[in-house]
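Number 73 in our numbering belongs to position 55 of the sequence shown; there are no gaps in the numbering. This report refers to the structure that appears directly beneath it.
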Amino acid sequence: MENTAAQRQPKKTDNNANQTHYYVTLTVAIIIGLFGVFVRFVPDVISALDQYTFLFSLIANVSVLIASFIAFKTVFAILGFGSKK
């Protein structure tokens, strides 16, 4: 008795996560976030800038928020949320 299986076409995938622009965007978001973390501690290292603590903290918070927004937007684009198909 012979085993026969029906021939089927290979599965077609979108491979959405393998596109390089997602990795570039996530790398930029990580760099912006790291910049924000390092800026937060500049007044601690350079004591002459103690009077500008609020300014450095504000810049750090804004950059971390921007990096988080970019990262979440990119991850949701990879997962397919928000795409109109």
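Even glycine gets a Cβ: it sits at the ideal position worked out from N, Cα and C. Predicted model only: the values in this text are computed from it and were never measured.
(message) Going by beta-carbon coordinates alone, are residue 96 and residue 23 separated by less than 8 Å?
(response) no
(message) Could you give the first and the last residue of the continuous alpha helix (DSSP H) run that contains residue 62?
(response) 60 to 63
(message) I need the boundaries of the alpha helix (DSSP H) containing residue 22, first residue and last residue.
(response) Per DSSP, residue 22 belongs to no alpha helix (DSSP H) and is neither H nor E.
(message) Using only the alpha-carbon positions, how far apart do residue 46 and residue 25 sit?
(response) 45 Å
(message) Taking the alpha helix (DSSP H) that residue 79 belongs to, which residues open and close that run?
(response) 71 to 97
(request) Between the Cα of residue 83 and those of 27, 29, 69 and 49, spot the shortest distance and give me the residue it belongs to. (result) 49
(request) Answer yes or no: do residue 54 and residue 89 have a C-beta to C-beta separation smaller than 8 Å? (result) no
(request) Counting only the same chain and skipping the five closest in sequence on each side, list residues whose C-beta sits under 8 Å from that of residue 75. (result) 58
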